[in-house]
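In the working numbering, the protein residues as written are 7 to 488.
Worksheet for the structure shown next.
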């Protein structure tokens, strides 16, 4: 997870630290780079190549890892999912809980989950901040989970609340069915240390008065109040029973390709730097700047050096140095690497703007982005289950803490189509269906406006029928038109 997080962050300093490179101030090579073990292989990556002493760092990073994880979140939550329950009062409360803040949380959670291999969702509340609970996304590298037959049965979240004089204070939350255990530990960077009272630190003092004798808080929910949503099936850890259920990052396995992409762009920029035009002039062409000040020749600051020749006659010519910039070779290499990276991550190039921006129909878009849509479908299978459990826990906590006539229950979740149909294409389809008498007015309205609810659809159907004279009373009949 640390490797994936480093690539996702896009920080060149962290990449050099990860792979053993330096920033130009240390030795030109490190002993680990000559090792035959795993550390040696990592250090021999391009990002592990040290910068020569006295030279500035010229390594360039292409943040394609961030683009992949962000694109994954956009495919899932570019539009809010539709959450529905059977109970009317619960539905009204659920509509209030699932506001724009939840959509932002889900988008962030999806991006982090794509980077780290999974994400935890849990309900939280603070009566001093809001009159209702909300979902919180906890990152996978801040948790120690326990799985039973592929399902999360318990998890311990940890957070560093203070670091001072080599001592590290950590707050641990262990989530079990029906309760949450809180603990404060004083240790070091590599050791958890000893348990200390919660009131010993301001960050946990508020829990001291709320927990029971075991240091636990009731959740008001019969099950586990935390849901874990794995990004994809794990390949790296499938044989490890403790890690097999953690999930897989979108970046898993493409780290060498991203390293090569950075090397390609750095080489391209190196060609540009070296390819700058240089003019070499004889000493006789230089102008003295005075005693002790040297000499120069300055045609618009484009000449830079002089040479000592055997003759100082006027027959010496200027020498122009202009190296070739291999634009086409670098571009083709970079494009092939990008396509291979996206394909290995499970996405189509069109999802990220490759292949042109010509206007096409939604059907053509889906055909071009079939690989991305397939990956999206696999992720939805996991998100639908995990999000339903998280919302169920959210409703239970809302009833437990804030009261109300709710009926906590898992909602039915419908993910909106990430590719919207063109209105003209929909209108043509509706016209053909109407002339073929193959669809009712209600069906056609729902096709044209899939985001509308039943009340809006019924009002539109009535308006269309009135405009077409279909709601005029029959003079041969008595009574009102129903």
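C-beta: ideal position from N, C-alpha, C; glycine also.
Given the structure is predicted, the values throughout are model-derived calculations rather than measurements.
DSSP places residue 168 in the uninterrupted beta strand (DSSP E) bounded by 157 to 170. In the structure shown, the three-state DSSP call for residue 262 is helix. Counting every other CB atom within 10 Å of its CB across the protein chains shown gives residue 177 a total of 16 or more, marking it as buried. A direct Cα-Cα distance of roughly 12 Å separates residue 21 from residue 69.
It is roughly 10 Å from the alpha-carbon of residue 246 to the alpha-carbon of residue 240. Relative to the Cα of residue 19, the nearest Cα in the group 64, 59 and 7 belongs to 64. Between residue 392 and residue 233 the beta-carbon gap is near 4 Å, inside 8 Å, which marks them as a contact. Put simply, the backbone Cα of residue 122 is about 23 Å away from that of residue 66.
By the criterion of a C-beta distance shorter than 7 Å, residue 112 is surrounded in its chain by 83, once the five residues flanking it on both sides are discounted. The shortest C-alpha to C-alpha distance from residue 141 to any of 150, 133, 148 and 126 is the one to 126. Annotated three-state conformation of residue 74 is helix, per DSSP. CA-to-CA, the gap between residue 151 and residue 179 works out to about 12 Å. In the DSSP assignment, the residues bridged to residue 233 are 127. In this chain, residue 184 is not harboured by any beta strand (DSSP E), its DSSP state being neither H nor E.
Look at residue 398 here: in three-state DSSP terms it is helix. With a contact defined as Cβ atoms closer than 8 Å, residue 447 and residue 471 qualify at about 7 Å. For the 8 Å CB-CB criterion, residue 166 and residue 188 do not form a contact.
DSSP places residue 210 in the uninterrupted alpha helix (DSSP H) bounded by 208 to 214. Distances from the alpha-carbon of residue 109 to those of 450, 443 and 421 put 421 closest.
Its Cα nearest to that of residue 10, the residue 259 stands out among 331, 259, 389 and 251. Cα atoms of residue 285 and residue 275: separation of roughly 21 Å, rounded to the nearest angstrom.
When rounded, the separation of the alpha-carbon atoms in residue 196 and residue 343 is 39 Å.
For residue 419, the enclosing beta strand (DSSP E) begins and ends at 418 to 420. A Cβ-Cβ distance of about 6 Å is found for the pair residue 114 and residue 143, placing them in contact under the 8 Å criterion. Take residue 403, set aside five residues on each side of it, and the residues of its chain with a beta-carbon closer than 8 Å to its own are 129, 131, 139, 225, 226, 227 and 231, in chain order.
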